[in-house]
Amino acid sequence: MTAAVDTAVLDRDGLGSLVDALVGDGRTVVGPTVRDGAVVLAELASADELPYGWGVELDAGRYWLVPRDDGAVFAHSAGPQSWKSYLHPARERLWSADRTPEGDGDVSFERHTPDAPAYAFLGVRPCDLRAIAIQDRVLTSGRYSDDGYGARRRGALLIAAECTEPGATCFCVSTGGGPAADPGYDLALTEVIDDDGHRFFVRVGSEEGARLLDQVPHRDADTVTEAVARASVDSARDRMGRALPPVDLRTLLGGSLDADRWDDVAQRCLTCGNCTLVCPTCFCTTTEEVTDLTGDHTERWQRWDSCFDLDFSFLHEGPVRPSARSRYRQWLTHKLSTWHDQFDSSGCVGCGRCIAWCPVGIDITEEVAALHAESETEA
Ligand code: SF4
Ligand code: SF4
Numbered sequence: 042m043t044a045a046v047d048t049a050v051l052d053r054d055g056l057g058s059l060v061d062a063l064v065g066d067g068r069t070v071v072g073p074t075v076r077d078g079a080v081v082l083a084e085l086a087s088a089d090e091l092p093y094g095w096g097v098e099l100d101a102g103r104y105w106l107v108p109r110d111d112g113a114v115f116a117h118s119a120g121p122q123s124w125k126s127y128l129h130p131a132r133e134r135l136w137s138a139d140r141t142p143e144g145d146g147d148v149s150f151e152r153h154t155p156d157a158p159a160y161a162f163l164g165v166r167p168c169d170l171r172a173i174a175i176q177d178r179v180l181t182s183g184r185y186s187d188d189g190y191g192a193r194r195r196g197a198l199l200i201a202a203e204c205t206e207p208g209a210t211c212f213c214v215s216t217g218g219g220p221a222a223d224p225g226y227d228l229a230l231t232e233v234i235d236d237d238g239h240r241f242f243v244r245v246g247s248e249e250g251a252r253l254l255d256q257v258p259h260r261d262a263d264t265v266t267e268a269v270a271r272a273s274v275d276s277a278r279d280r281m282g283r284a285l286p287p288v289d290l291r292t293l294l295g296g297s298l299d300a301d302r303w304d305d306v307a308q309r310c311l312t313c314g315n316c317t318l319v320c321p322t323c324f325c326t327t328t329e330e331v332t333d334l335t336g337d338h339t340e341r342w343q344r345w346d347s348c349f350d351l352d353f354s355f356l357h358e359g360p361v362r363p364s365a366r367s368r369y370r371q372w373l374t375h376k377l378s379t380w381h382d383q384f385d386s387s388g389c390v391g392c393g394r395c396i397a398w399c400p401v402g403i404d405i406t407e408e409v410a411a412l413h414a415e416s417e418t419e420a
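If you count the sequence shown from 1, you need to add 41 to reach the numbering used here.
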């Protein structure tokens, strides 16, 4: 990178100018906003739609908004959506086919060009930055790359927001990550609010980020702002709400296929699949054909699928994983163990979404701790 500046300070109005510059560049800006009692991701027309003055409280199966009196904009942990809703959307048309009007039995096919707006993602959490890197590997680096994902990802500009207020369900540190942004962003912001005002310490991660920063009012980074920013992120690292057991999870899960704990969690799991839908790394899809009433026009759609769905493992004469025990075991074992075999990493970044948005409050960290305890008992 040959950016003119590596760090800078943006004030509160500067964030508004940043969004205006992105919109002016023709980008589709997506960021956090308050809607329906949650901080959700949505297309933003201006920075006025950002969740200034809102924080969240959350726990297993619970989430609610709390007002803040400091006016912070990024003092909330992960909401119900992740960026995969935009990069790897829940439904996408792949192709359509039509009978030719001549009635000669011929069929014409049209492959659909992926919808790929020039996205700018504002407020990408460090855990979600890592999740995007994981989905990059899964969806674009193998033999079967996803053209739509690749097109959207290539055009996306990522503006990270480092974490200063981790939630009660966050555990990124114990997955090997942390509340500081790893490389991969174009700009990284760290929010600072103190007697010197409301501002953002900015790190530049790419030429595109530097070009964007040049378009908005900013000033050189000062040592006080940088020190407060770094201290806030360090403090967040020490205030994670949860943790996975500090053991080799790949081996633990691989050796726990016959554990009794799977029966315990199966008593509670509704196999609803919410955890896979909210997870920023879960990527599975299926395809389905839909026809019009005449049968002259048909379309193939790709849509998210879930390993909790009975049809997901349907082979000859039935599903391979018919029980809740087998489906929950599949999800957790893939996420923490066999994912390494496929993609050279864990499939979990510790965002905590699957804990907060599980309708019965099943907690991945609690389940792994129980499996670990059971393995210790048997040893
Ligand atoms: S763990 Fe929770 S969210 Fe996941 S399938 Fe079971 S009940 Fe649904
Ligand atoms: S498994 Fe749960 S905590 Fe881990 S990345 Fe997925 S949603 Fe986040």
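Cβ atoms here follow ideal geometry from the backbone N, Cα and C, with glycine treated the same way.
Nothing here was measured: the structure is a model prediction, and the numbers come from that model.
- Every residue whose Cβ sits closer than 6 Å to any heavy atom of ligand 2 is listed here in chain order: VAL319, CYS320, PRO321, THR322, LYS376, CYS389, VAL390, GLY391, CYS392, GLY393, ARG394, CYS395, ILE405.
- Spatial neighbours of ALA174 in its own chain (CB-CB distance under 7 Å, excluding positions within 5 residues in sequence) are listed in chain order as GLY225.
- Membership of PRO207 in any beta strand (DSSP E) is not indicated, and neither H nor E is assigned to it by DSSP.
- Within the region 146-201, complete alpha helix (DSSP H) segments of at least 4 residues are found at 167-181, 188-196, given in chain order.
- As summarised for the region 351-409, there are no continuous beta strand (DSSP E) elements at least 3 residues long confined to that stretch.
- DSSP places ALA272 inside the alpha helix (DSSP H), whose first and last residues are 264-278.
- Using a Cβ-Cβ distance cut-off of 8 Å, the region 350-365 and the region 149-156 are not in contact, since fewer than three pairs of beta carbons, one from each stretch, lie closer than that value.
- Looking at the DSSP output, LEU82 bridges to PRO73.
- Measuring C-alpha to C-alpha distances from ASP236 to each of THR292, SER186, VAL265, THR327 identifies VAL265 as the nearest.
- Of PHE242, SER137, ARG370, the smallest CA-CA separation from VAL274 is found for PHE242.
- Considering only LEU63, ALA119, ALA62, the residue with the shortest C-alpha distance to VAL80 is ALA119.
- Measuring C-alpha to C-alpha distances from ALA300 to each of HIS259, GLU419, MET281, GLU133 identifies GLU419 as the nearest.
- In the same chain as ALA262, and ignoring 5 residues on each side of it, the C-beta atoms closer than 6 Å to its own belong to THR48, ALA49, VAL50, in chain order.
- Secondary structure of GLU330 (DSSP, three-state): strand.
- When ARG53, ARG244, ALA414 are compared, the shortest CA-CA separation from PRO92 is found for ARG53.
- Taking 8 Å as the cut-off, the Cβ atoms of ALA201 and ALA172 do not count as close.
- In this chain, GLN343 is not harboured by any alpha helix (DSSP H); it is covered by the beta strand (DSSP E) spanning 338-345.
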